[in-house]
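Be aware that the sequence shown starts at 12, since it is given in the working numbering, and climbs by one per residue.
Heads up, the thing below is written out as structure tokens.
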Amino acid sequence: MRHSTLRQLEVFEAIVRYGSYTRAAEELFLTQPTVSMQIKKLTDAVGLPLFEQIGKKIYLTDAGKELHEMNQDIFKRFERFEMIAADMKGMKTGKLRLAVVTTAKYFVPRLLGMFCRQYPGIEVSLKVSNRAHILERLANNQDDLYILGQPPKEIDVIAETFLKNQLVALASVEHPLANEKGITPKRIVKEPFLSRESGSGTRIATERFFADQGLKPKIRMELGSNEAIKQAILGGLGLSILSHHTLALDAPTGQLVVLDVKGLPINRHWYYAYPAGKQLSVVAQVFLEYLQQAPQLLVDISCHYANIGHCPLLTSGNKKSSYQS
């Protein structure tokens, strides 16, 4: 193993990540024969096979799994050293890996744009997916930080709020309830309802809101994205409860309306989270400091696009807590 090179370990890591020699070669800008040669040298150095192929799929052997675990630690230490060294030089460089739930896509890219202009030496990787997939990544510690609407109780994490997230009832401007005031939840549940998929943080909060009042909405359609729900609302298929952030930047002007429903909005928060015990990188720590400015950074943008004069939804709280399984 002492004769193995970092390049060989990089090739090994890429194959594990993609499950393919071809994709690993593409990522590393190498030819496939070169990748095969590097793995052969690494296998010879270890003295045990690292991969086994069953059909068209590549699997790690027991020795490969052990090497993969060690490999991850090696590269994390190198990456951390590079960031610490850059920090000592007064520079901010390195890589930030973020994973966020789908609704957060309405404001996180804006924050990242401003962050990257402030720290041009930092490379950012952003994964956007549904809550179930983000929780899976969190459990496997695949990223530096996670942004979601509700931290999990089944995973041991550190979580802190940084931005308000208000859930509001939305309808088409042509809906009969569009101009009514003081609408009761009992009246709302008589309407066809459009819902996010099971497991969505928005859906969980919505179901809890109605359940607390002994009500259950009539789910007409279950959709996997906020955009699909908004289009369905415009198509006259029903009402929905979504984050106000889904209106902030791209709502069709004048076509959607926030209904005046008693008990709404549902006041929630956006959280950043990371596994308890995780040692954050220098770059991750810098981004967490930056996130504390999120309410002020977003307020002008969101108020402009939402065409409203006051944005209480963008007031931040700072509630730090540890959620344990």
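For every residue, glycine included, the Cβ atom is placed at its ideal position computed from N, Cα and C.
Remember, it's a predicted structure, so these values are computed and weren't measured experimentally.
- G249 has its alpha-carbon roughly 8 Å from the corresponding atom of R231.
- Taking the CA atoms as reference points, A182 sits about 16 Å from K197.
- Counting along the chain, F62 sits inside the beta strand (DSSP E) bounded by residues F62 to I65.
- The beta carbon of G212 lies closer than 7 Å to those of V112, R142, L159, G160 and Q161 in the same chain, with the five residues before and after it left out.
- Between the segment 301-311 and the segment 121-133, the count of Cβ pairs shorter than 8 Å is three or higher; the stretches touch.
- 7 Å or more divides the Cβ of F220 from the Cβ of P228.
- For the segment 117-149, the full-length beta strand (DSSP E) segments reaching 3 residues or more read 133-140 along the chain.
- Beta-carbon to beta-carbon, Y283 and L302 are separated by about 6 Å, close enough to satisfy the 8 Å threshold.
- Sixteen is the threshold: when 16 or more other Cβ atoms of the shown chains lie within 10 Å of the Cβ of S206, as they do, the residue is buried.
- Spatial neighbours of V22 in its own chain (CB-CB distance under 8 Å, excluding positions within 5 residues in sequence) are listed in chain order as A35, L39, L41, V46, Q49, I50 and L53.
- Around the Cβ of L59, a 10 Å sphere holds fewer than 16 other Cβ atoms; the residue is exposed.
- Between the C-alpha atoms of T257 and Q242 there is a straight-line separation of about 12 Å.
- Shown here, F204 sits in a strand according to DSSP, grouped into three states.
- Using a Cβ distance threshold of 7 Å, E208 and G235 count as a contacting pair.
- Within the same chain, and ignoring the five residues on either side of F173 in sequence, the residues whose Cβ sits closer than 7 Å to its Cβ are W281, Y283, L302, Q303, A305 and S327.
- The beta carbon of V272 lies closer than 7 Å to those of A180, I194, P196 and I199 in the same chain, with the five residues before and after it left out.
- Put simply, the backbone Cα of P163 is about 34 Å away from that of F62.
- Distance check between L299 and each of R214, D155 and L188 places D155 closest, using alpha-carbon atoms only.
- Looking at the backbone, the Cα of L275 and that of V269 are separated by about 10 Å.
- H79 carries a helical assignment under DSSP once its states are collapsed to helix, strand and coil.
- Per DSSP, the continuous beta strand (DSSP E) segment holding T172 begins and ends at V168 to S183.
- In the DSSP annotation of this structure, S209 is not part of any alpha helix (DSSP H), being labelled neither H nor E.
- Membership of I240 in the alpha helix (DSSP H) is indicated by the continuous run N237 to L245.
- Considering only E77, A115, L253 and V57, the residue with the shortest C-alpha distance to F204 is L253.
- Beta bridge pairing from DSSP links S254 with L178.
- Within the same chain, and ignoring the five residues on either side of Q266 in sequence, the residues whose Cβ sits closer than 7 Å to its Cβ are S183, V184 and L245.
- For K51, no beta strand (DSSP E) encloses it; the enclosing alpha helix (DSSP H) starts and ends at Q43 to V57.
- The C-alpha of G30 lies about 22 Å from the C-alpha of L146.
- Judged by DSSP secondary structure, I26 falls within the alpha helix (DSSP H) whose first and last residues are L17 to Y29.
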